[in-house]
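Take a look at the structure below.
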Amino acid sequence: MTKPTPLSGFPELLPAQRAVEQHVIDRLRRTFELHGFASLETRAVEPMDQLLRKGETSKEVYVLRRLHDLDGSGDSGMGLHFDLTVPFARYVLENAGRLEFPFRRYQIQKAWRGERPQEGRFREFTQADIDVVARDDLPFHFDVEVARVMADALSGLPLPPMRLRVNNRKLIEGFYRGIGAPDPAAVITIIDKLDKMSTDAVAASLVADAGLSDVQAQQCLRLAEIESTDTTFADRVRGLGVAHELLEVGIAELEAVVEGCASVAGPRFQVVASLSLARGLDYYTGTVFEIYMDGFENLKSVGGGGRYDALASDGRTTYPGVGLSFGISRTLVPLLSRGVLSADRSVPSAVLVALVDDDARETSDAVAQRLRARGIPTEVAASAQKFGKQIRYAERRGIPFVWFPEGDATEGTGRVRDIRSGKQVDADPDVWEPPADDLRPRVVTSPTKEHHE
RNA sequence: GUGGGCGUAGCUCAGCUGGUAGAGCGCCGCGUUGUGGUCGCGGAUGUCGCGGGUUCAAGUCCCGUCGUUCACCCCA
Numbered sequence: 417m418t419k420p421t422p423l424s425g426f427p428e429l430l431p432a433q434r435a436v437e438q439h440v441i442d443r444l445r446r447t448f449e450l451h452g453f454a455s456l457e458t459r460a461v462e463p464m465d466q467l468l469r470k471g472e473t474s475k476e477v478y479v480l481r482r483l484h485d486l487d488g489s490g491d492s493g494m495g496l497h498f499d500l501t502v503p504f505a506r507y508v509l510e511n512a513g514r515l516e517f518p519f520r521r522y523q524i525q526k527a528w529r530g531e532r533p534q535e536g537r538f539r540e541f542t543q544a545d546i547d548v549v550a551r552d553d554l555p556f557h558f559d560v561e562v563a564r565v566m567a568d569a570l571s572g573l574p575l576p577p578m579r580l581r582v583n584n585r586k587l588i589e590g591f592y593r594g595i596g597a598p599d600p601a602a603v604i605t606i607i608d609k610l611d612k613m614s615t616d617a618v619a620a621s622l623v624a625d626a627g628l629s630d631v632q633a634q635q636c637l638r639l640a641e642i643e644s645t646d647t648t649f650a651d652r653v654r655g656l657g658v659a660h661e662l663l664e665v666g667i668a669e670l671e672a673v674v675e676g677c678a679s680v681a682g683p684r685f686q687v688v689a690s691l692s693l694a695r696g697l698d699y700y701t702g703t704v705f706e707i708y709m710d711g712f713e714n715l716k717s718v719g720g721g722g723r724y725d726a727l728a729s730d731g732r733t734t735y736p737g738v739g740l741s742f743g744i745s746r747t748l749v750p751l752l753s754r755g756v757l758s759a760d761r762s763v764p765s766a767v768l769v770a771l772v773d774d775d776a777r778e779t780s781d782a783v784a785q786r787l788r789a790r791g792i793p794t795e796v797a798a799s800a801q802k803f804g805k806q807i808r809y810a811e812r813r814g815i816p817f818v819w820f821p822e823g824d825a826t827e828g829t830g831r832v833r834d835i836r837s838g839k840q841v842d843a844d845p846d847v848w849e850p851p852a853d854d855l856r857p858r859v860v861t862s863p864t865k866e867h868h869e
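In the working numbering, the protein residues as written are 417 to 869.
Right, dumping it as structure tokens:
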């Protein structure tokens with residue numbers, strides 16, 4: 417058999433890298449649950465009509481087909497989900513009668529997109545979503561809450577500092593209406609390209625494609641320039657002299673989000689009111705979020721979300737929602753492959769129990785069992801090589817302690833060596849404990865490699 | 001999906017206008033007859049991503065393909 421080649425866009429990690437990913441997932445899970453969000457897992461597939469609703473035909477969906485369904489007559493019309501929001505909306509409708517609203521859930525799962533892979537952009541990837549959904553009416557304070565929860569979750573991760581950019585659709589749409597823009601939606605789409613096109617090009621496009629006058633286009637650009645980490649943006653917006661009812665509602669909401677996040681912001685997590693943020697998706701109706709990672713702006717956003725007044729609807733009842741999504745693969749894979757992040761060992765074992773000779777496996781197994789009984793991940797040496805070799809076996813894998821048994825199986829005493837310091841002490845497997853930090857693989861960062869480009 | 005760069009040992013890479021493969025690190029052994037890391041000495045490893053073509057001769061040139069990366073697109 418020839419050596420298999422990797423599959424483009426379907427990243428797989430080495431054991432130490434996976435340990436980092438698991439740490440991140442555990443950490444996110446713990447924080448989400450700390451805030452009372454319930455865990456949910458939805459199936460991998462959705463009906464194609466669900467996936468392609470709202471005319472999102474540009475989505476590259478992987479379609480599912482049975483091998484023996486040659487003529488396609490039994491075509492199920494199923495595809496792999498490309499995000500976690502669409503499956504969640506479907507799930508809410510399907511289980512509306514059995515859920516308690518407002519319903520808060522998190523979901524950490526894979527998603528699939530057939531797009532061309534690039535750094536931080538894959539065909540199979542993991543993301544973490546939190547959403548709150550209600551029936552008929554979802555109070556605004558949940559917009560603030562989801563931002564606070566994500567801030568709490570992300571600032572606890574061993575990652576570069578994150579920046580949450582916030583804006584409000586009502587604010588910008590009210591502004592565009594207030595200046596008399598004939599098609600506010602078109603303006604939003606064009607403003608969203610500000611990070612790629614020059615301001616002159618955007619201005620020209622606003623005139624040509626959104627039907628604005630030069631003066632109106634300049635007003636839009638001045639709005640987009642506004643940015644602040646506190647509520648001072650509000651006066652600057654009002655200073656532009658545009659009046660509209662919707663604009664005032666939007667300003668008030670954005671102020672509330674920025675104020676509400678003030679207590680969770682810190683050196684590792686910044687919240688910025690950013691009036692150029694638009695997000696192309698058309699289903700957002702109020703607050704919009706985007707998350708960026710410092711030093712990795714080339715990845716674009718590593719998370720995003722916002723408020724949808726109609727996350728789901730069955731025709732009779734409407735379910736508004738607000739949520740945020742964080743790209744685990746997008747964030748972690750580039751950090752891992754650049755060596756910025758890694759784990760200090762490639763196995764869970766904290767202790768390697770040495771094997772004195774081939775007949776002493778029983779003794780070593782007994783020691784290992786006693787350590788495991790107290791929650792210490794332990795493995796027994798593969799063979800009775802020279803102790804130097806056995807220590808090296810541990811060293812290669814990053815296992816911090818080697819246990820040398822003494823006496824027979826019933827005694828279970830011995831000496832334990834910290835192979836990093838070389839310190840060796842007499843120990844009892846029913847009593848000895850490693851430092852808490854050594855119990856599990858630790859995430860280590862290399863700040864020297866953090867800066868690039 | 002469209003267009004460009006790159007692909008040589010486990011890793012990072014060198015290899016000139018084509019002339020039958022190299023360094024550093026790592027790995028293995030011995031010095032060191034049961035406690036690694038330092039040091040010294042010795043050693044192994046490549047279908048030069050894969051397939052085809054041009055040529056007396058291809059790692060080197062051409063085409064295709066896969067992988068990777070960048071831009072567009074899209075977004076996590």
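C-beta: ideal position from N, C-alpha, C; glycine also.
Give me the Cα-Cα distance between residue 598 and residue 690, rounded to the nearest whole angstrom.
Here the question's residue 598 lines up with position 182 in the first sequence. Here the question's residue 690 lines up with position 274 in the first sequence. So the alpha carbons of these two residues sit roughly 24 Å apart.
If distances are taken between C-alpha atoms only, which option among 778, 770 and 805 comes closest to residue 831?
Numbered from 1 along the first sequence, position 415 holds the residue referred to as residue 831. Nearest C-alpha to residue 831: 770.
Determine the closest residue to residue 529 out of 741, 542 and 552, with distance taken between C-alpha atoms.
In the first sequence, counting from the first residue as 1, residue 529 sits at position 113. Restricting attention to 741, 542 and 552, the CA atom closest to the CA of residue 529 is found in 542.
Distance between beta carbons of residue 573 and residue 440, contact taken as under 8 Å:
As a position in the first sequence, residue 440 is number 24, starting the count at 1. As a position in the first sequence, residue 573 is number 157, starting the count at 1. Yes, residue 440 and residue 573 are in contact; Cβ-Cβ is about 6 Å, under 8 Å.
Please confirm whether residue 586 and residue 665 have their CB atoms less than 8 Å apart.
As a first step, residue 586 must be located in the first sequence, where it is residue number 170. As a first step, residue 665 must be located in the first sequence, where it is residue number 249. Yes, the pair counts as a contact, with Cβ atoms nearer than the cut-off.
Assuming residue 761 contacts residue 814 under a Cβ cut-off of 8 Å, what Cβ separation, rounded to an integer in Å, is found between them?
Walking along the first sequence from the start, residue 761 turns up at place 345. Walking along the first sequence from the start, residue 814 turns up at place 398. That belief holds up - the Cβ atoms of residue 761 and residue 814 are roughly 3 Å apart, short of 8 Å.
Would you call the segment 423-434 and the segment 444-452 touching, i.e. three or more CB-CB distances under 8 Å?
Touching, no, given that fewer than three Cβ pairs across the two stretches are closer than 8 Å.
If the criterion is Cβ atoms closer than 8 Å, does the pair residue 552 and residue 701 meet it?
Along the first sequence, one-based indexing puts residue 552 at 136. Along the first sequence, one-based indexing puts residue 701 at 285. No, Cβ-Cβ distance for residue 552 and residue 701 is not below 8 Å.
Hey, residue 738 and residue 722 are a contact pair by Cβ (cut 8 Å); roughly how many whole angstroms apart?
Locating residue 738 in the first sequence gives position 322, where the first residue counts as 1. Locating residue 722 in the first sequence gives position 306, where the first residue counts as 1. Residue 738 to residue 722, Cβ: 7 Å. Contact.
Uninterrupted alpha helix (DSSP H) stretches inside the segment 425-484 (no shorter than 4 residues)
Here the runs fully enclosed are 431-450 and 464-467.
Which term fits residue 477, buried or exposed, when burial requires 16 or more other beta carbons within 10 angstroms of its beta carbon?
Here residue 477 is taken as the residue at index 61 of the first sequence, counted from 1. Answer is buried; the Cβ neighbour count reaches 16.
Among residues of its own chain, excluding the 5 on either side of residue 508, which ones have a beta-carbon nearer than 6 Å to its beta-carbon?
Working through the first sequence from its first residue, we reach residue 508 at position 92. The beta carbon of residue 508 is closer than 6 Å to those of 549, 728 and 735 in its chain, skipping five residues each way along the sequence.
Go through its chain and collect everything with a Cβ distance to residue 776's Cβ below 8 Å, but skip five positions before and after it.
Working through the first sequence from its first residue, we reach residue 776 at position 360. The beta carbon of residue 776 sits closer than 8 Å to those of 800 and 821, all from its chain and outside the five residues before and after it, given in chain order.
Pair every Cβ in the segment 581-595 with every Cβ in the segment 453-471, then say whether three or more of these pairs are closer than 8 Å.
Touching, no.
With DSSP collapsed to three states, give me the class of residue 662.
Here residue 662 corresponds to residue number 246 of the first sequence, with the count starting at 1. It is helical.
N- and C-terminal bounds of the alpha helix (DSSP H) containing residue 545
Residue numbering aside, residue 545 sits at position 129 when the first sequence is read from its first letter. Premise fails: residue 545 lies in the beta strand (DSSP E), 540-549, not in any alpha helix (DSSP H).
With C-beta atoms as the reference, is residue 496 less than 8 Å away from residue 480?
On the first sequence, residue 496 is found 80 positions in, with the first residue counted as 1. On the first sequence, residue 480 is found 64 positions in, with the first residue counted as 1. Cβ atoms of residue 496 and residue 480: closer than 8 Å.
Quick check: the Cα distance between residue 471 and residue 561, rounded to an integer number of angstroms?
Locating residue 471 in the first sequence gives position 55, where the first residue counts as 1. Locating residue 561 in the first sequence gives position 145, where the first residue counts as 1. Confidence at residue 471 is low in this model, with a pLDDT of 47, below 50, so the placement of that residue is unreliable and no value is reported for it.
At what residues does the alpha helix (DSSP H) containing residue 635 begin and finish?
Taking the first sequence and counting its residues from 1, one reaches residue 635 at position 219. Counting along the chain, the alpha helix (DSSP H) containing residue 635 begins and ends at 630-641.
When the Cα of residue 703 is compared with those of 714, 433, 688 and 802, which residue comes out closest?
On the first sequence, position 287 is the one that residue 703 refers to. Among 714, 433, 688 and 802, the Cα nearest to that of residue 703 belongs to 688.
So the alpha helix (DSSP H) residue 809 belongs to, where does it begin and stop?
Numbered from 1 along the first sequence, position 393 holds the residue referred to as residue 809. Unbroken alpha helix (DSSP H) run through residue 809: 803-813.
Identify which residue in 746, 847, 637 and 717 has its Cα closest to the Cα of residue 533.
Against the first sequence, residue 533 aligns to sequence position 117. Nearest of 746, 847, 637 and 717 to residue 533, Cα basis: 746.
In this structure, does DSSP put residue 501 in helix, strand or coil?
Here the question's residue 501 lines up with position 85 in the first sequence. Looking at residue 501 - three-state DSSP - the assignment turns out to be helix.
In its own chain, which residues sit with a C-beta less than 6 Å from the C-beta of residue 436, not counting the 5 before and 5 after it?
Here residue 436 is taken as the residue at index 20 of the first sequence, counted from 1. Shown here for residue 436: same chain residues with a beta carbon closer than 6 Å to its own, the five before and five after excluded, namely 757, 759 and 859 in chain order.
DSSP-derived helix/strand/coil call for residue 724
The residue you call residue 724 lines up with position 308 of the first sequence. Assigned with DSSP and collapsed to three states, residue 724 falls in strand.
Residue 615, DSSP secondary structure in three states
To locate residue 615, count along the first sequence from 1; it is residue 199. Correct three-state label for residue 615: helix.
Could you tell me the boundaries of the beta strand (DSSP E) in which residue 525 lies?
One-based indexing of the first sequence puts residue 525 at position 109. Counted as a single uninterrupted DSSP element, the beta strand (DSSP E) harbouring residue 525 occupies residues 519-528.
At the level of alpha carbons, what is the spacing between residue 865 and residue 693?
Sequence index remark: in the first sequence, residue 865 carries index 449 (1-based). Sequence index remark: in the first sequence, residue 693 carries index 277 (1-based). Low confidence applies to residue 865: its pLDDT is 41, below 50, so where it sits in the model is not reliable, and the reading given next is rough at best. It is roughly 30 Å from the alpha-carbon of residue 865 to the alpha-carbon of residue 693.
For residue 651, is the classification buried or exposed, using 16 other Cβ atoms within 10 angstroms of its Cβ as the cut-off for buried?
What you label residue 651 is simply residue 235 of the first sequence in a count that begins at 1. Residue 651 sits exposed, since fewer than 16 C-beta atoms from the chains shown fall within 10 Å of its C-beta.
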